[in-house]
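**Q** Got a structure here, written out as structure tokens. Questions coming.
2 protein chains.
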Amino acid sequence: MQQIAIGIDLGGTQVRAALVDEGGTILSRAEERTEALAGPERVLGQIRGLVDGLLSGKELRSVVGIGVSAPGPIDTVAGVATNTPTLAGFVNYPLRAELQKRFRYPVRLENDGIAAAIGEWQFGAGKGLENLVYVTVSTGIGGGAVVDNRVVRGRKGMAAHIGHMSVMPNGAPCPCGNRGCFEAYGSGTAFTARARERALQCAETTLGKNGADVHSRDVFTAGRLGDTLANDLIDEEAEILGRGFTSLIHIFSPEIVVMGGGLSHEFERLQQGIQTYISHWAMPAFRDVQVVRAALGQNSGLIGAAALAFLSVRSTRARTVAAG
Amino acid sequence: MQQIAIGIDLGGTQVRAALVDEGGTILSRAEERTEALAGPERVLGQIRGLVDGLLSGKELRSVVGIGVSAPGPIDTVAGVATNTPTLAGFVNYPLRAELQKRFRYPVRLENDGIAAAIGEWQFGAGKGLENLVYVTVSTGIGGGAVVDNRVVRGRKGMAAHIGHMSVMPNGAPCPCGNRGCFEAYGSGTAFTARARERALQCAETTLGKNGADVHSRDVFTAGRLGDTLANDLIDEEAEILGRGFTSLIHIFSPEIVVMGGGLSHEFERLQQGIQTYISHWAMPAFRDVQVVRAALGQNSGLIGAAALAFLSVRSTRARTVAAG
């Protein structure tokens, strides 16, 4: 019988669920707006509702488990959401235990950046590799790493909060409360803020007309039409990402860096600037590391969550074989 | 019979060898100045000479292997020194194979920061922990990480070149060729350079008298005697280290950060500033991570190299048991 896993991608905006097969293909999916202010009971009700809908009429014996990608930092060892900024009431909330009460399948929990890295590693741009770093560049910056063919989790499973490495002493304010984080300069939010600010100061740009309404896609569109300010902003963003990725390359020594998130829609435009930075400024032994676009697009985390359930089954099997 | 391992710490200045027992105790040691300009043949001759001296008259059957800590970045998977800046002629040099020709025991090779992390993990400040980051703050900054009870090696075994994460865009020149690296601000060399520069500009400091001869220990001595400039310089160094360590805490999620290297001699003076930075500016879930001094002092790498040989034997045994 074909085995399937349930993947849940719980975010502050959307909660998504999918049935995924062992090849990483989404068989069916459902999503809705997260009732982020309604408290954990309601949010878990949403997850239960989505899963029930997907499983309705399915042969239940083929489900190996449920993997859940949750917004971090979350203690995935204890299974507790200590204090999730984007979800009201998730304070010292025993998320895994509460999920487990609602499902008969084993529940696995992972910080969202790590879940997405697992998706790209098992089924996406990093399939078959032993070392990769995944970076999502979107509203914020997050990520995950696979090193020596293993997921890097660390204490409480909270590793790879790479958006919060410092790239500028006492720099721009970051949503985390610190200043000068990679996220505060490299995220889509930071990119858009720079574009708005500079557009207002620049007479020659076509972006000026939009004023505070400039969005990141407008900048890329204007750039393609030859707008100088827009292209400068994009080149600057590529340099910021290139510098951050170079740090990550020195830290993790990956074979590739996988870029996902909203800004990766414009990966073709950003790629050369990022790669040029790495090939000029990384230490010589690291200069050949390639940056690639996430192959699973917006589904890295959703498919990665499902992959967790498969990995869990496989490692149990391996332990059983070793002990047998 | 008591088993022993041979540890070699090959550096650009000193080459050191030790016999180490299974408890991490150095039974005997020898060292000499590295003939860094004489080429690999001569340097390997030095290693051979040191080991022969140590083993002279010993029962050879009890030696489990030789671990070698080498200055990176070195490809420890292929066993090749691609281009070692501090050792002339180590260009695409098959270091492990050449070492293996000279010894009857299995040879293991590791980048120096990783070897030191292994030493502290197996026998030092991180004994029994599953997650730690080791940082050496000396002429440069290097390190290694243990995550999920495993050494983080990455592609070519070159992970944890943490001295070369960027902390300032287009900042101070770094020996690696880039600008703005952690090493260019946080190393003992950078600390001393700042002290010399500011001392010359400051009439009130006792450091001024020494001018260009100020060394880092002079700054700590002056600080203890109440010199304001010296104490400002030390507090600034602690903040730089605290900021860098906070990045590493977000990236690896360790239980502790272990600080070694020359500046760790003054760990007591630096600790509070570093810890204060972390407890204020790390994301809340990471604020309790403690910074501790390397327990093995200048021997983290030497003992770590020997530990490599023991780990190698143990993993072979574990595989044999699992397959048996």
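Chains as they are written, first to last, in this note's numbering: chain A, 1 to 324; chain B, 325 to 648. Each residue gets a CB set at the ideal place from its N, CA and C atoms; glycine is no exception. Remember, it's a predicted structure, so these values are computed and weren't measured experimentally.
Kindly identify the DSSP beta-bridge partner or partners of residue 330(B).
**A** BP columns for residue 330(B) point to 343(B), 390(B).
**Q** Please report the straight-line C-alpha distance between residue 391(B) and residue 412(B), rounded to a whole angstrom.
**A** Their backbone Cα atoms lie some 22 Å apart in a straight line.
**Q** Run down chain B in chain order and give the residues with a C-beta less than 7 Å from the C-beta of residue 408(A).
**A** A question about residue 408(A) goes unanswered here, because the residues of chain A that appear run from 1 up to 324.
**Q** Looking at the secondary structure, which residues open and close the beta strand (DSSP E) in which residue 486(B) lies?
**A** Element bounds for residue 486(B): n/a, residue is neither H nor E.
**Q** For a contact defined as C-beta to C-beta under 7 Å, what are the partners of residue 576(B) on chain A?
**A** Per Cβ cutoff of 7 Å: 154, 159.
**Q** Please list the terminal residues of the continuous alpha helix (DSSP H) segment that includes residue 51(A).
**A** Residue 51(A) -> alpha helix (DSSP H) spans 40-55.
**Q** Within 8 Å, do at least three Cβ pairs link the stretch 567-576 of chain B to the stretch 116-136 of chain A?
**A** Segments in contact, no.
**Q** My output table needs one value for residue 543(B): the three-state DSSP class, helix, strand or coil.
**A** Helix at residue 543(B).
**Q** Between which residues of its own chain and residue 240(A) is the CB-CB distance below 7 Å, once the five residues before and five after are set aside?
**A** Correct list, in chain order: 185, 186.
**Q** What does the alpha-carbon distance come out to for the pair residue 238(A) and residue 273(A)?
**A** About 5 Å.
**Q** Could you work out which residue in 375(B), 444(B), 484(B) is closest to residue 617(B) when comparing CA atoms only?
**A** The option with the nearest alpha carbon to residue 617(B) is 444(B).
**Q** May I ask you to verify whether the stretch 194-210 of chain A touches the stretch 165-176 of chain A, counting CB pairs closer than 8 Å and requiring at least 3?
**A** With a cut-off of 8 Å, the stretch 165-176 of chain A and the stretch 194-210 of chain A do not count as touching, because too few Cβ pairs lie within range.
**Q** Note down, in chain order, each residue of its chain lying with its Cβ closer than 7 Å to the Cβ of residue 346(B), except the 5 sequence neighbours on either side.
**A** 327, 634, listed in sequence order.
**Q** Determine which residues share a DSSP beta bridge with residue 583(B) and list them.
**A** Partner(s): 459(B), 617(B).
**Q** Against chain B, does residue 246(A) count as a neighbour if the rule is that its beta carbon must be under 9 Å from one of theirs?
**A** Yes - at least one Cβ of chain B is within 9 Å of the one on residue 246(A).
**Q** According to DSSP, is residue 91(A) part of a helix, a strand, or is it coil?
**A** The answer is strand: DSSP assigns residue 91(A) an E or B state.
**Q** Assess, as a yes-or-no matter, whether the stretch 405-419 of chain B is touched by the stretch 585-600 of chain B under the definition of 3 or more beta carbon pairs within less than 8 Å.
**A** Not touching, per the Cβ criterion.
**Q** Would you mind telling me which residues of chain A sit closer than 7 Å to residue 605(B), beta carbon to beta carbon, in chain order?
**A** The contacting residues are 178.
**Q** Is residue 34(A) near residue 15(A), with beta carbons less than 9 Å apart?
**A** It is a contact, given that the beta carbons lie within the stated cut-off.
**Q** Cβ atoms of residue 602(B) and residue 582(B): under 9 Å apart, would you say?
**A** Against a cut-off of 9 Å, the Cβ pair of residue 602(B) and residue 582(B) comes out as no contact.
**Q** Note down, in chain order, each residue of its chain lying with its Cβ closer than 8 Å to the Cβ of residue 110(A), except the 5 sequence neighbours on either side.
**A** Correct list, in chain order: 67, 68, 69, 70, 76, 118, 157, 304, 305, 308.
**Q** Less than 9 Å between the C-beta atoms of residue 447(B) and residue 620(B), yes or no?
**A** In this structure, residue 620(B) lies closer than 9 Å to residue 447(B) by Cβ.
**Q** Leaving out five residues before and five after residue 92(A) in sequence, what residues of the same chain have Cβ atoms less than 7 Å from its Cβ?
**A** Closer than 7 Å at Cβ, skipping near neighbours: 80, 82.
**Q** For residue 253(A), collect the residues of the same chain with a Cβ closer than 6 Å to its Cβ; drop the 5 residues on either side in sequence, then sort them by chain order.
**A** Contacts found: none.
**Q** Can residue 6(A) and residue 125(A) be called in contact, C-beta distance under 9 Å?
**A** No, the pair does not count as a contact, with Cβ atoms beyond the cut-off.
**Q** Take the Cβ of residue 607(B) as the centre, count every other Cβ of all protein chains shown within 10 Å, and call the residue buried at 16 or more, exposed below.
**A** With 16 or more other Cβ atoms within 10 Å, it is buried.
**Q** Starting from the C-beta of residue 48(A), find all residues in its chain whose C-beta is less than 6 Å away, skip the five residues before and the five after it, and write them out in chain order.
**A** Hits under 6 Å: 102.
**Q** Since residue 559(B) meets chain A, which of its residues come closer than 9 Å, beta carbon to beta carbon?
**A** Result: empty, since nearest Cβ-Cβ is about 14 Å, beyond 9 Å.
**Q** If you measure from the beta carbon of residue 286(A) to each beta carbon in chain B, is any gap under 9 Å?
**A** Judged by the 9 Å Cβ criterion, residue 286(A) is in contact with chain B.
**Q** What does a CB cutoff of less than 7 Å around residue 141(A) pick up in its chain, not counting 5 residues either side in sequence?
**A** Counting only Cβ-Cβ distances below 7 Å, and skipping sequence neighbours, we find 135, 162, 163, 182, 183, 186, 187.
**Q** Would you grab the beta carbon distance between residue 478(B) and residue 147(A) for me? Rounded to a whole angstrom, and I think it's under 8 Å.
**A** 5 Å between Cβ atoms; contact.
**Q** Would you mind working out which of 53(A), 13(A), 138(A), 40(A) sits nearest residue 94(A), comparing C-alpha positions?
**A** Comparing Cα-Cα distances from residue 94(A) to each of 53(A), 13(A), 138(A), 40(A), the minimum goes to 40(A).
**Q** With a threshold of 9 Å between beta-carbons, can residue 107(A) be considered close to chain B, or not?
**A** False, the Cβ-Cβ gap to chain B never drops below 9 Å.
**Q** Go ahead and pull the three-state DSSP assignment for residue 600(B).
**A** Helix, per DSSP.
**Q** Expressed to the nearest angstrom, what Euclidean distance is found between the alpha-carbon atoms of residue 244(A) and residue 61(A)?
**A** Roughly 45 Å separates the two Cα atoms.
**Q** What is the C-beta distance between residue 353(A) and residue 65(A), in whole angstroms, given that I count them as a contact (C-beta under 8 Å)?
**A** Since the first residue of chain A shown is 1 and the last is 324, residue 353(A) is not available in this structure.
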